[in-house]
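Residue numbers (our numbering): 54 to 175.
The structure appears right after this line, and notes come after that.
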Amino acid sequence: MPLTALVLLSLPTQLRDRRLKRRGVETEAVCREHIRRNGILVHFIRCSYQQTDGRPMVTLINSPRPVPQVGETFTLVFDPQRPAEAASLQYMTSRQTQLGYAFQASLAVLVTVAVLLVTVFG
54 MPLTALVLLS LPTQLRDRRL KRRGVETEAV CREHIRRNGI LVHFIRCSYQ
104 QTDGRPMVTL INSPRPVPQV GETFTLVFDP QRPAEAASLQ YMTSRQTQLG
154 YAFQASLAVL VTVAVLLVTV FG
């Protein structure tokens with residue numbers, strides 16, 4: 054059951070990444086705020102950018118590395134159909150997204166095998 058939970062928890066991120074790879078639009082974003090976890094590392098940043106129709110958008114994303122300073126620009130990929138769904142270009146082109154797909158597929162296979170074994174061998 055822990056594997057099933059892990060697969061289900063990673064599924065929204067994997068689906069978002071696939072949508073961004075399929076229909077994402079690159080744009081320049083401005084870092085507006087650092088969001089720290091446990092007071093030390095910056096895990097998320099609040100950033101702003103212009104949608105394809107020119108309307109401003111503010112969203113929260115996982116922080117790229119190195120962390121942009123507040124006011125600094127960086128390249129962002131966003132989904133024009135769901136403008137709040139965005140990620141840094143650095144993340145989208147990293148091996149992290151590819152490893153996420155492989156990890157999720159491996160977990161799905163393990164869960165399937167486990168269910169079959171439990172079903173067959175009771």
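A virtual CB, placed ideally from N, CA and C, is assigned to each residue, including glycine.
Just so we're clear, the structure is a prediction, and the values are computed from it rather than from any experiment.
- Given a length threshold of 4 residues, each whole run of the alpha helix (DSSP H) inside the segment 80-146 is given here in chain order: 142-145.
- The Cβ-Cβ distance between F127 and V78 does not fall below 8 angstroms.
- From the listed residues P136, Y102, D106, the smallest Cα separation to R69 is found for P136.
- Taking a 10 Å sphere around the C-beta of L64, we find fewer than 16 other C-beta atoms and assign the residue as exposed.
- Around the C-beta of L170, fewer than 16 other C-beta atoms lie within 10 Å, and the residue is accordingly described as exposed.
- Here L73 is buried. Its C-beta has 16 or more other C-beta atoms within 10 Å.
- One thing to note: I114 has its Cβ within 8 angstroms of the Cβ of A140.
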